[in-house]
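Protein chains: 4
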Amino acid sequence: MSDRQAGQAAGSSIPSPAGAGLDTAATAAGLAARYRAVRQLTETLAAPLSPEDQMLQSMPDASPVKWHRAHVTWFFETFLLLPHLPGYAVFDPQYHYLFNSYYEALGERQARPERGLLSRPPAAAVTRYRAHVDAAMDSLLAGADTAALARLRPVLELGLAHEQQHQELILTDLRHGLSRHAFAPAYLPPRPDLPATDIAPMEFIGFRGGIHPIGHDTDDGFAFDNESPRHNVLLQPFRIASRPVSNGEYLAFMRDGGYARADLWLSEGWATVQREGWQAPLYWSRAGDAAGRDIWQVFTLQGRRPLDPAEPVCHVSFHEAMAYAAWAGRRLPTEAEWEHAAGSPLVRGDGGFLDPAAAHPRRLSAAPGLRMLGGVWEWTRSAYEPYPGFRPLEGTAGEYNGKFMIGQQVLRGGSCATPADHIRITYRNFFPPAARWQFSGIRLADDI
Amino acid sequence: MSDRQAGQAAGSSIPSPAGAGLDTAATAAGLAARYRAVRQLTETLAAPLSPEDQMLQSMPDASPVKWHRAHVTWFFETFLLLPHLPGYAVFDPQYHYLFNSYYEALGERQARPERGLLSRPPAAAVTRYRAHVDAAMDSLLAGADTAALARLRPVLELGLAHEQQHQELILTDLRHGLSRHAFAPAYLPPRPDLPATDIAPMEFIGFRGGIHPIGHDTDDGFAFDNESPRHNVLLQPFRIASRPVSNGEYLAFMRDGGYARADLWLSEGWATVQREGWQAPLYWSRAGDAAGRDIWQVFTLQGRRPLDPAEPVCHVSFHEAMAYAAWAGRRLPTEAEWEHAAGSPLVRGDGGFLDPAAAHPRRLSAAPGLRMLGGVWEWTRSAYEPYPGFRPLEGTAGEYNGKFMIGQQVLRGGSCATPADHIRITYRNFFPPAARWQFSGIRLADDI
Amino acid sequence: MSDRQAGQAAGSSIPSPAGAGLDTAATAAGLAARYRAVRQLTETLAAPLSPEDQMLQSMPDASPVKWHRAHVTWFFETFLLLPHLPGYAVFDPQYHYLFNSYYEALGERQARPERGLLSRPPAAAVTRYRAHVDAAMDSLLAGADTAALARLRPVLELGLAHEQQHQELILTDLRHGLSRHAFAPAYLPPRPDLPATDIAPMEFIGFRGGIHPIGHDTDDGFAFDNESPRHNVLLQPFRIASRPVSNGEYLAFMRDGGYARADLWLSEGWATVQREGWQAPLYWSRAGDAAGRDIWQVFTLQGRRPLDPAEPVCHVSFHEAMAYAAWAGRRLPTEAEWEHAAGSPLVRGDGGFLDPAAAHPRRLSAAPGLRMLGGVWEWTRSAYEPYPGFRPLEGTAGEYNGKFMIGQQVLRGGSCATPADHIRITYRNFFPPAARWQFSGIRLADDI
Amino acid sequence: MSDRQAGQAAGSSIPSPAGAGLDTAATAAGLAARYRAVRQLTETLAAPLSPEDQMLQSMPDASPVKWHRAHVTWFFETFLLLPHLPGYAVFDPQYHYLFNSYYEALGERQARPERGLLSRPPAAAVTRYRAHVDAAMDSLLAGADTAALARLRPVLELGLAHEQQHQELILTDLRHGLSRHAFAPAYLPPRPDLPATDIAPMEFIGFRGGIHPIGHDTDDGFAFDNESPRHNVLLQPFRIASRPVSNGEYLAFMRDGGYARADLWLSEGWATVQREGWQAPLYWSRAGDAAGRDIWQVFTLQGRRPLDPAEPVCHVSFHEAMAYAAWAGRRLPTEAEWEHAAGSPLVRGDGGFLDPAAAHPRRLSAAPGLRMLGGVWEWTRSAYEPYPGFRPLEGTAGEYNGKFMIGQQVLRGGSCATPADHIRITYRNFFPPAARWQFSGIRLADDI
């Protein structure tokens, strides 16, 4: 997927600003349709879950599904309805406290580790809250003139992108919550067993160095503020792996003592391995077969099943990615390298984006060629820092990204939990180096 | 209430062993009726709660209501149905892992701090589990002959007493869980405002020293193993307060700097005050009135309301009880003193036991006289230790009490959350000295 | 040693109050001589240590030797010299902050876990501080008339007993500090190897029940406030072991899986075993011999050496003592039982008291008979609580004991680190149930 | 100081490799002289300290001075004497365990937080250890032929640079250790009071963007591996402040509520402010003056004294630097910007390097112009990452830098605790963003 294609994906159902000559009503209708589609997907994801499932909070970093559903709704209420819809009646004044995530400028809020203590409101009330806000959003869009639409549109797009981010978190947080249950109950029906398969060998594709642009051009449709400004970077020649590391390849690292060799790890990574007792990626568990050999199982949203060596390795931390790369005699790409490679016309998609019926990375392809985007997020060697000339959004929304620019590594490419129309090749995801509960995997690179 | 009366209370609806000449069927029917009554009360307590409310776990020491409901059921399944009902079909084999509390001899179990992560089974399944076990219990009792009844009865009585203990915990754990919600939602409808009232002054009633028996005679109906054997103790002459300390009296302690004066506290208590920032009993919150004076509010199961000075002070730790006593120039009673006084014919009830419609201590009485039992548990100066000659129950149930006999203080008398037919004057409750989430208050004593 | 003998020991070099007809100067001289003897022993204990050794603080509960030396000196300065010696010049006004231990009434003080950060004053300055205070104490005693002596004497005796307590802590804290060094350096020269020996079998000596006095009569010489008042207790008939449990016996418990059997432990003890990974008493380490058998070594103040099965087991917690007793089918004595037995004319000494050249328990005797006192402190089943009618000392010294009366178990009998003239059979030592760094062992008891 | 000048500084006393035609003996003598000079400075820094002062470890990140003195010596023993000096007798075989810092490949070592528990060996033994190694190093260098010198020289230079790093740590760790003492004792005699002074206003000096080289050319004398390879970067036009932020300027930030405004801070920084209760830089303490105004004092190695507004602000974390920059409407420079600016011929030195008699930053200059290097380390906005093409050293020394390349920010320029011949403009120092105990300050930058 090229940069332009990604841009199209992100804005596919909304006439672009260049379409200012078009009918305002059509623009509003397009936005409203997209709003409904995004909102519906959230409910589709929550549909298999009981009210009790929706309350699970298994660690401070994760949030209950019910909270996600309400929080994204609060975002529209706070940033669109209250300032822009005259006479809008707040659904419940307590919700502002309960469902604000981290906006300091908006006052006190429910402590993050205690979101799981919100038995009230019940899930059914959150469903009503969503309907209330959706109806008001319909009114807002239906009544907007051209000038209003121009004001609303950036915030609406931010709100939709925001809800899509939480759709991914709904799945990752839920997987973590269910995994802590002794019997690891499933969210989805089990996948039928698949016959063993071959995957394409990993190749390394070379790229010339030089000055190349990365980042998002703010005239080119919606993107998060952290993707801008578009700017030139100077790259050394490099090579990038044609596909992510597979489970099978990662098993070889494990069997070669990867988790026991300090020399492969960053110092902080090694300390984490020892403190946490890591011996495999998150959600893997060991079982013996009749012959006494290790058999690995993986807890997925479709239940526990045998490890599939043809899938990309997933739920590894940056530290594990670094150790694997050291073991393989390679390195991780920088985010600039990654983005430059992903913009190549050679690239074909891989791994797949969010499919609510699977919520799991597809097997790696048997066909050769450079495949990027989808399946698993890919850790880069780049710390999450502002681009040159970065400016946060004005106002409260300025807290969206900039204040997290420390202590995190950039991941690229989207995963099997990312909505397909949410991702761009300029998209910068970010997590701390020890985080493992996202769908995060490994792409290797190398110097030439 | 005298000792004998308490014994009657505990066994009131069940013919005593002395009634062995009676009809076996009548005994079984009596046991079954009592079983149904106890089991029903649990459901009555849970009835106002949504499935989500029943999942709340706000601290490791507290458990979700759903878990309580299932755990007490598991107790009957494990200790009565499986060993004694031929052909009994376990409701769900996973429940053994999920709902075992602390019986090491019975294998691994759900980690206590993670009981709140059990979204599965849902509350509705627990309701079915309860019905399944209740039906089997009916069969078990209906089919029991005299010999079988003799074997079953002690375990059944233990199981019922056990469920009653969890009825109290349902209320205390729920109160804690709801209190952590920013808006402190109520469990019960609010109590109408009451006009101010006077309470009887605190008097100190003297008792002669000497050799006196305390503890439970094992021939005298059911009691927990920790209440036996009945044995003589040597008491010095002492005086005991006619009633618990009131909220109003405790406020005077607070206004006199009680929480800021190290000299009033045990060393560990003072460290706790500073570490936890205690400035008042649990669930109290400060608000200012128009004149700028401190107004205290209390979060109750009926919602938040102004502090009532006529109620007994409640939700204080042993440390606070000790500090209050030091400030008042008195001391706490030992458990032997308490029990000896409670056995006096002078004693009249006070405070009330579990009323599912209030779940709160009654105001202290305006009438004078020695009033003990009910309202609030009363901290004693006695560490929870085995009585001379104590022997735990044989088998797994031996883990019931004995293994907790360290690091805890004895409380006596029952509270507004204790079922009336559960308490005895020999009853020994126990909690760590910093625990505050039980309905625990203060009774003073003094040397003569 | 009978109670009377212990009383004599405690006051052996000081004419008793009954000698009020004696010459005041002789009394003062006797007190001064005793003062010098106690003070000298502290310096004898510190003599083998470098200034750096004297700074070690290996855990918050332990204090550096230099701090002990200064703190006991500060006690005399604060409670005797400042109030009673006109014109006394404080050695250094900062020392009040640095060397106050826990007297809240005396103001802020150096945080306990940071005593090891006091590189200033150097050990040499503490030596000068001790000399300064000693000279002033000489003046104080030399100039005291009969009335003054009567006022000074109780405080002086408290100060000396206090310094003796810290003599024991100097050894226990130092042993802990040195043990954390990878090469476990010795404090004293190694003990020559001893040939194997037999010890007397453990017998159980019966005592009749009844009403018996325990505690210290305040007319009978110095004792700590927590030992009074002397009062009657009602004992059931009991038996007590003739000697402490030996290392050899404890090894049998270990080899029988003692640290892996939950049923032997109190719940809190079992949690501690698992959290701390206990597999043996403190200071034991495992080494294999040529035949692959476990060989245990023990780090002592004389260096590391093979475990001697004939010594009493030492450095066990209350939890380990309880588990051992459960394994042996016995129980621990209460402190009243212990004291009653120790007062028997049958008792002979055992184990030995502080010998600065060894600082280690002697082997158990090969001769039969009831042997108590010395060697190791013995955990009792009794929580540390006030005796009936207990009143703390007036004033600041009232913080000495009473405020610690929660969360601790009583130990009795003194150890190889206790000065011989410090102990009494009424003496109540106390530590939390998980503490292991004291010279603490196990005496069994049983019901009859 | 230009890049070339810095190169000269770093190697000033050692003939360069280009001098291979020179006499080998002269080269060896030059190296030996430099070795002696560096080693002597360590002892000069330790000279005012007692053995007890040298044991202080006030937090896990800091190490005792004695440990530093031994560890740098162990480095020479391990990496030079053992592999290269035939017949070298290890001073003490235990030291390998005690004084290895973090080299996993070299085996187990003393746990970092427990270095303060090493009372043995005493400081005097470390002094002998240093002499032993110094004598052997003399022999090694005296006996080296040209080929040997070529092999030894890179390791020797690494060892000397390593010891110089620890010279800075000796001062920073000591300052922290002494600061925890209630009376904050001084290391050096107090500095005489200075009259108030003016400093030059902060100007912003512009630099054109473009492609510029940064990093160290490995042919150009010694540098750490993390400074290489020299490579081109693409810079946007930028401006950099002419001097660091002063104490006076930082006070204005504080008085404007800088520590209370969430909007100025990174999210993690704000959480740190609240968790740690930061209200000022480390070592600042507040005192009131007669008029009730805040007067700030600073604990320095010369004792506590009033805050000097003309000094650069020091002992601030990256988070504080970021918050200050946000408040000032500026940003921090990237490390590439910093290095490019520092290479300008305009730059003049500032702040001064290590002077053992002061160990404190000089006041900022009253003269205008771009002043960089010395005084305080300057936080950059750049995470500590490998340069493109970075390769760690071969062998064990490869653990020197690379394994720390996560979770840290780069600091540039050296401080008042950095030896003058240790620093280079390519030098990359690194610490976690919350670290404050280094001499770290703030340089602002801006976009053009």
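Residue numbers (my numbering), protein chains in the order written: chain P, 1 to 448; chain S, 449 to 896; chain E, 897 to 1344; chain Y, 1345 to 1792.
Beta carbons: idealized from backbone N, C-alpha and C, even for Gly.
Because the structure is a prediction, the values reported are computed rather than measured.
Asked, Found
"If I'm right that L821 of chain S touches A790 of chain S with Cβ under 8 angstroms, what's the distance once you round it to whole angstroms?", "7 angstroms"
"Using 8 angstroms for Cβ pairs, my map puts H1575 of chain Y next to H1510 of chain Y. What's the rounded Cβ distance?", "With a Cβ gap of about 29 angstroms, H1575 of chain Y and H1510 of chain Y do not count as contacting."
"Do the CB positions of I630 of chain S and Q750 of chain S come within less than 7 angstroms of each other?", "The sequence shown places Ala at residue 630 of chain S, rather than the Ile named in the question. No, Cβ-Cβ distance for A630 of chain S and Q750 of chain S is not below 7 angstroms."
"For A142 of chain P, which residues in chain Y fall below 8 angstroms Cβ to Cβ?", "Within 8 angstroms Cβ-Cβ: nothing; A142 of chain P doesn't reach chain Y, min ~35 angstroms."
"Under the rule that 16 or more other beta-carbon atoms within 10 Å means buried, what is Q409 of chain P, buried or exposed?", "buried"
"Listing by chain order, which chain P residues have their CB less than 8 angstroms from the CB of G564 of chain S?", "G116"
"For a test of the three-state rule: what should DSSP assign to D219 of chain P, helix, strand or coil?", "coil"
"Using a 10 Å radius around the Cβ and a threshold of 16 neighbouring Cβ atoms, would you call G1248 of chain E buried or exposed?", "buried"
"In the structure shown, what three-state DSSP assignment does P83 of chain P receive?", "helix"
"From the DSSP output, which residues share a beta bridge with A241 of chain P?", "P:F204"
"Who are the neighbours of M503 of chain S on chain P, taking C-beta pairs under 7 angstroms?", "E52, M55 and S119"
"So does the stretch 1227-1237 of chain E actually touch the stretch 1277-1290 of chain E, counting three or more Cβ pairs closer than 8 angstroms?", "yes"
"Which residue spans inside the stretch 1455-1526 of chain Y form an unbroken alpha helix (DSSP H) run of at least 4?", "1467-1486 and 1490-1523"
"To which residues does DSSP link F1775 of chain Y through a beta bridge?", "Y:Q1753"
"Can you tell me the Cβ-Cβ gap for S1586 of chain Y and E1547 of chain Y, rounded? I've got them flagged as a contact below 8 angstroms.", "4 angstroms"
"Which chain S residues are close to P1208 of chain E, counting only those with a beta carbon under 7 angstroms from its beta carbon?", "Neighbours of P1208 of chain E on chain S: none; closest Cβ ~23 angstroms, over 7 angstroms."
"So, helix, strand or coil for A869 of chain S, using DSSP?", "This sequence places Asp at residue 869 of chain S; Ala is not what is there. Coil."
"Express the C-alpha separation of V1051 of chain E and E1290 of chain E in angstroms, rounding to a whole number.", "12 angstroms"
"One question on the structure: do E1722 of chain Y and G1757 of chain Y come within less than 7 angstroms of each other, judged by their Cβ atoms?", "yes"
"Using 8 angstroms for Cβ pairs, my map puts L1532 of chain Y next to R1076 of chain E. What's the rounded Cβ distance?", "With a Cβ gap of about 32 angstroms, L1532 of chain Y and R1076 of chain E do not count as contacting."
"Measure from the alpha carbon of P392 of chain P to the alpha carbon of each residue in Y:D1482, Y:L1518, Y:Q1580 and Y:D1607, then state which is nearest.", "Y:D1607"
"If you run the structure through DSSP and keep just helix, strand and coil, what is G705 of chain S?", "coil"
"Just tell me which of S:A773, S:L479 and S:R872 has its CA closest to the CA of E899 of chain S.", "For residue 899 of chain S there is no data in the structure shown, the boundaries of chain S being 449 and 896."
"Which residue marks the beginning of the alpha helix (DSSP H) containing E320 of chain P, and which one marks its end?", "F318 to A328"
"So which residues of chain S does D1159 of chain E contact, with C-beta pairs closer than 9 angstroms?", "E552, A553, G846, E847 and K851"
"Roughly how many angstroms separate the alpha carbons of F1748 of chain Y and H1506 of chain Y, rounded to a whole number?", "16 angstroms"
"Return no unless some Cβ of chain E is closer than 7 angstroms to the Cβ of Q684 of chain S.", "yes"
"With 7 angstroms as the threshold, decide whether the Cβ of S1163 of chain E is near any Cβ in chain S.", "yes"
"Within 7 angstroms (strictly less), CB to CB, does A287 of chain P reach chain S?", "no"
"Taking any Cβ of chain S, which residues in the stretch 1091-1122 of chain E have a Cβ under 7 angstroms from it, in chain order?", "I1107"
"Please check the pair E973 of chain E and V986 of chain E, which I expect to be a contact at CB under 8 angstroms, by giving their CB distance rounded to whole angstroms.", "7 angstroms"
"Quick check: is the beta carbon of A1727 of chain Y nearer than 7 angstroms to any beta carbon in chain P?", "yes"
"Is the beta carbon of H660 of chain S sitting closer than 7 angstroms to the one on H788 of chain S?", "yes"
"Which partner residues does V233 of chain P have in the DSSP bridge list?", "P:H212"
"Under a CB-based cut-off of 7 angstroms, is I1792 of chain Y close to chain P?", "no"
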